[in-house]
Structures are given as C-alpha cells and as structure tokens.
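Per UniProt numbering, the very first residue in the sequence shown carries number 1; after that it's consecutive. Just so you know, even glycine gets a beta-carbon here, dropped at the ideal spot from N, CA and C. Owing to the predicted nature of the structure, the values given are computational and were not obtained by experimental measurement. Have a look at the structure below before the remarks.
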Amino acid sequence: VITGMMRRSDRDEFTDTVALGLIPLGKQNSVLSELLSCNLNKKLVKAAIMKSTMALIQEHNRHCDVLEIESTEGKRPVYALSGLWFGSLRDAQEKCKKYWYLGGLKKYGGFISNAIRGKTESHSVQLEYLEPCSGCANCFVEEKVVTPVNTRWWHSFIKRPNVVQGRKLKPDFVNRSCGDLHHDSFETISFRIHVLPWKNFSSDNPAFVITKGSEDNRRSTFIKEGSKLARGLLEQVDKYQYARQATVGPPPDNENLWYFIDNEAFEARDAKFTLLSKRVRLCLPTSITS
C-alpha cells in the first residue's frame, strides 16, 4: 500500500489527503509494533486491534517517516514504514512457520534446524552512509508550506482545497560534516535498517538507525540469538549508526540472500536507502499498553 501511494505522480497531494490506518491483523503484520516500539504478544494483540481501530475512527493522525529503497539497476523504488532486515538469522525466522506441527516449539524450529544443518553463515556487508543533518544550506530541500482548509467528510475521496502560505526559507548556516560519505564493511548474521518510532519524529535531525548484529556464527550463538527473537526480544547488537542516507553493496554471487522489507521478501541487490521525513500520515494510537 505504502509503495503504491509513494509511486503516484501526485504523491505529495495524495499523501496529504489520505491517512493510512494500521491494524495488527495477521502474523506477518509487525509494522505497528515497530512504529510504536513495543512487543505485541498474545496479551496485547486484542488491545492493539481495538486501540488502532479507535485511532482510525477518531482520526488520530501523525506525520511519519518513510524509507525509500532504490536499486541501482533502474527499477522502480520500494517504500517501507518500519525498515529492512536481512541475514541468516532472519532467514531462519522465516522458516519457523513451516514447523507448525511442533506446536508451541514451532517458533524455535527454524533456528534449531538451520543450526543443525550449518546454515548459520555470516554475510558480508559493504556500507556507505551520510550522517544526519538538521537541514543546512548544503542539504536544504525547498518545500511549499501548504495548509488544508474547509475540511469535509467527502474530502476523504476527493482532493481538498489548499492554501499555499509560502515557502521554507533556506538556512544560512553550513554544517561542515554534511555530505561527508562514511564507509564501513563487516560480516554479520543480522543486519537491520530501522525507521525510528513516531515518538522520535520531532527530532531536529531526521534519521534512521542501522544496526549490526553478532559476527559470531557458531551454532550455540545462533540458537541463543534465535531464541531471543522467538520470545519477542531483540537480538544482540554489536554496533549501531544513525544515518539519513545509506548504500548497501551487492551480495557476493554465491550468496542466496533476501531482503525483508516490512516483512515482505525481495531479492537482495545493491540498494540506496533514503529517509523521507514526515512524508505520510498514519492513524496511530499513542500507546498500546496504557
């Protein structure tokens, strides 16, 4: 849905007119839990569905960031609300649903199976990134300041009238480190790019977070990290970095690697990741637990 919205030629006007509601239905729907930075266990799912539905009815809209993912092969970009995840740990988690016959132990099945078969390899990552900037003269993007007026119920289906109040002024200051390209390379069993939860969207320096999981691909470590994921916990993070733009190099030819973007599988290739700050409106509850 988000990719279809962002690929429209009139996406700026359309995303200002239409707000998306996120209701956590289905086992693969984890976007809401990522945006609210919470673990939707069985006890919280019912409350999450109820509060998400009420947020949609009451139009509790929030402007949220979007991650744009472009391929250097010229294909159309893909967009994400929660981010990207790849690595042998994520591949094993995807296999867990095949072990339905194990009952309550099925969420561990993929990790144990891959560990026994030796499919715990670390993947090589070639990373380039730009650090966050508050918007100096170098990276300033001119945008119109538009305010909707005379909102009525039928404006959910047709274009709303807008009043252009002006344009944002270009700042005079220059951030000397803005535009400096940083390089890094490493091996890991889990690599993620997270879009920050909406509570952090008010930051003066819009950014996403790049996290590098463990380099240790021993079977014992693999099962240990997998059991954390099975219990709704985060795996070990050896390193993290804030960025506003990043490029990940192509995987080696001998690696069969998949990117999971908002939990949807895509064939891995070299890609450029750019944060689009406060680009869409989402109907989100303030909290699930309260």
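Under 8 Å between the Cβ atoms of residue i and residue j?
{"i": "residue 181", "j": "residue 215", "result": "no"}
{"i": "residue 280", "j": "residue 5", "result": "yes"}
{"i": "residue 275", "j": "residue 67", "result": "yes"}
{"i": "residue 232", "j": "residue 92", "result": "no"}
{"i": "residue 237", "j": "residue 83", "result": "no"}
{"i": "residue 31", "j": "residue 262", "result": "yes"}
{"i": "residue 111", "j": "residue 260", "result": "no"}
{"i": "residue 282", "j": "residue 22", "result": "yes"}
{"i": "residue 192", "j": "residue 258", "result": "no"}
{"i": "residue 17", "j": "residue 78", "result": "no"}
{"i": "residue 35", "j": "residue 284", "result": "yes"}
{"i": "residue 296", "j": "residue 197", "result": "Since the first and last residues shown for the chain are 1 and 290, residue 296 lies out of range."}
Report the rounded CA-to-CA distance for residue i versus residue j, giving the unit in angstroms.
{"i": "residue 252", "j": "residue 47", "result": "44 Å"}
{"i": "residue 27", "j": "residue 265", "result": "15 Å"}
{"i": "residue 87", "j": "residue 53", "result": "34 Å"}
{"i": "residue 115", "j": "residue 187", "result": "18 Å"}
{"i": "residue 29", "j": "residue 113", "result": "24 Å"}
{"i": "residue 7", "j": "residue 62", "result": "21 Å"}
{"i": "residue 213", "j": "residue 38", "result": "20 Å"}
{"i": "residue 219", "j": "residue 121", "result": "10 Å"}
{"i": "residue 126", "j": "residue 55", "result": "41 Å"}
{"i": "residue 103", "j": "residue 89", "result": "21 Å"}
{"i": "residue 109", "j": "residue 20", "result": "35 Å"}
{"i": "residue 136", "j": "residue 106", "result": "50 Å"}
{"i": "residue 74", "j": "residue 271", "result": "10 Å"}
{"i": "residue 286", "j": "residue 49", "result": "13 Å"}
{"i": "residue 256", "j": "residue 11", "result": "34 Å"}
{"i": "residue 277", "j": "residue 185", "result": "27 Å"}
{"i": "residue 247", "j": "residue 268", "result": "13 Å"}
{"i": "residue 178", "j": "residue 139", "result": "7 Å"}
{"i": "residue 59", "j": "residue 234", "result": "31 Å"}
{"i": "residue 118", "j": "residue 189", "result": "13 Å"}
{"i": "residue 134", "j": "residue 70", "result": "23 Å"}
{"i": "residue 183", "j": "residue 130", "result": "9 Å"}
{"i": "residue 13", "j": "residue 64", "result": "15 Å"}
{"i": "residue 94", "j": "residue 224", "result": "17 Å"}
Looking at the structure shown, is residue i part of a helix, part of a strand, or coil, going by DSSP?
{"i": "residue 128", "result": "strand"}
{"i": "residue 309", "result": "The shown model of the chain, from 1 to 290, leaves out residue 309, and the question about it has no answer."}
{"i": "residue 215", "result": "coil"}
{"i": "residue 192", "result": "strand"}
{"i": "residue 29", "result": "coil"}
{"i": "residue 94", "result": "helix"}
{"i": "residue 11", "result": "helix"}
{"i": "residue 207", "result": "coil"}
{"i": "residue 34", "result": "helix"}
{"i": "residue 102", "result": "helix"}
{"i": "residue 286", "result": "coil"}
{"i": "residue 177", "result": "coil"}
{"i": "residue 23", "result": "coil"}
{"i": "residue 239", "result": "strand"}
{"i": "residue 55", "result": "helix"}
{"i": "residue 61", "result": "strand"}
{"i": "residue 121", "result": "coil"}
{"i": "residue 227", "result": "helix"}
{"i": "residue 140", "result": "coil"}
{"i": "residue 45", "result": "helix"}
{"i": "residue 71", "result": "strand"}
{"i": "residue 83", "result": "strand"}
* Enumerate, from N- to C-terminal direction, the unbroken beta strand (DSSP E) stretches of 3 or more residues contained entirely within the stretch 243-281. => As far as the stretch 243-281 is concerned, its whole beta strand (DSSP E) runs of at least 3 residues are 245-248, 258-261, 264-267.
* Taking contact to mean at least 3 C-beta pairs separated by less than 8 Å, is the stretch 91-99 in contact with the stretch 236-248? -> Using a C-beta cut-off of 8 Å, the stretch 91-99 makes no contact with the stretch 236-248, since fewer than three inter-stretch Cβ pairs fall below that distance.
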